[in-house]
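Worksheet: one structure, shown below.
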Amino acid sequence: MNLWDIHTHRRGTEKAIFNSLDFSDIPDQHFSAGLHPWFLDENWEGKLHQIRSVSQQSPALLAIGECGFDRLRGPNNSLQKAAFRGQADLAKELEIPLILHCVRGFDLLLEYLKAEKNPPAIIWHGWNLKPELATQLLQYPVFFSFGKHLQKKESNAAGWLNLCPRDRIFLETDDSGLEISSVYQAASLILRLSVEELEQLVISNWNRISKRKIE
Ligand SMILES: [Zn+2]
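Quick note: the sequence shown, position 55, residue 55 per full-length UniProt numbering, numbers continuous.
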């Protein structure tokens, strides 16, 4: 079975959104492109311009990201906030989701969501924070992608997956080296859904929030 992996750094899988960091090379598969906060610099606007033109050339670009906030690595908050806003605006314009990287930046995301009347669909990838924080995001178009943390039953990720509204759920491998099937397996045990049901759930969740569809 070929299951959708909505965020991976591994190339070459047919049903996967490969996160590309190199905008000069258009991958021959589904992909996302964004400015990771770790690598942001003063030239971010020029790079965002490149991403915009890639998005126009290639319908295989399915999402903007990963991008977002990181207080442990990367430049100062004001640069991170400006670059995030620019990318969120592009996602909104293209009507596709934004894949969020967020480390110690919950407040910065909330600040953006409170100020922005019409944010794009934001998929918080690698979710592993407390359910109390997740519930604060449910009034906004924020979705949750779960990956390697589900392997631990007592993780925050497993706890939130169990409570999370089903129409907000995605699954990913990120840079874990896991097979996507083992992530589906772990989610299937937590949710008491079959892997086939989960497969349909991920596809329908994606297609509800994106103009660029998967099947
Ligand atoms: Zn990643």
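Backbone N, C-alpha and C define an ideal beta-carbon position, used for all residues, glycine too.
Using CA coordinates, which residue listed in the options is at the minimum distance from residue i?
i	options	result
Leu-150	Pro-120, Leu-189, Tyr-140 and Tyr-112	Leu-189
Asp-107	Gln-80, Ser-32 and Leu-40	Gln-80
Lys-130	Ile-209, Pro-165, Phe-170 and Leu-161	Leu-161
Asn-128	Gly-147, Gln-185 and Arg-212	Gly-147
Pro-119	Gly-126, Ser-53, Asp-89 and Ile-99	Asp-89
For a quick check, are the C-beta atoms of residue i and residue j less than 9 Å apart?
i	j	result
Ile-51	Gly-34	yes
Ile-64	Ala-83	no
Ile-180	Trp-38	no
Asp-174	His-9	yes
Gln-57	Ile-96	no
His-30	His-101	no
Leu-62	Ser-20	no
Ile-6	Ile-122	no
Ser-143	Ile-209	In the sequence under discussion, the amino acid at residue 143 is Phe, which differs from the Ser named in the question. It is a contact, given that the beta carbons lie within the stated cut-off.
Leu-94	Ser-55	yes
To which residues of the same chain is residue i closer than 7 Å at the C-beta, ignoring the five residues directly before and after it?
i	result
Leu-72	Val-103 and Arg-104
Ser-194	Ser-188
Output needed for residue i: all residues of its chain with C-beta closer than 6 Å, excluding positions within five of it in sequence on either side, in chain order.
i	result
Asp-41	none
In the structure shown, what three-state DSSP assignment does residue i receive?
i	result
Phe-23	coil
Gly-65	strand
Leu-40	coil
Asp-70	strand
Leu-98	strand
Gln-5	One point to set straight first is that residue 5 is Asp, not Gln, in the sequence displayed. Asp-5: strand per DSSP, three-state reduction.
Ala-33	strand
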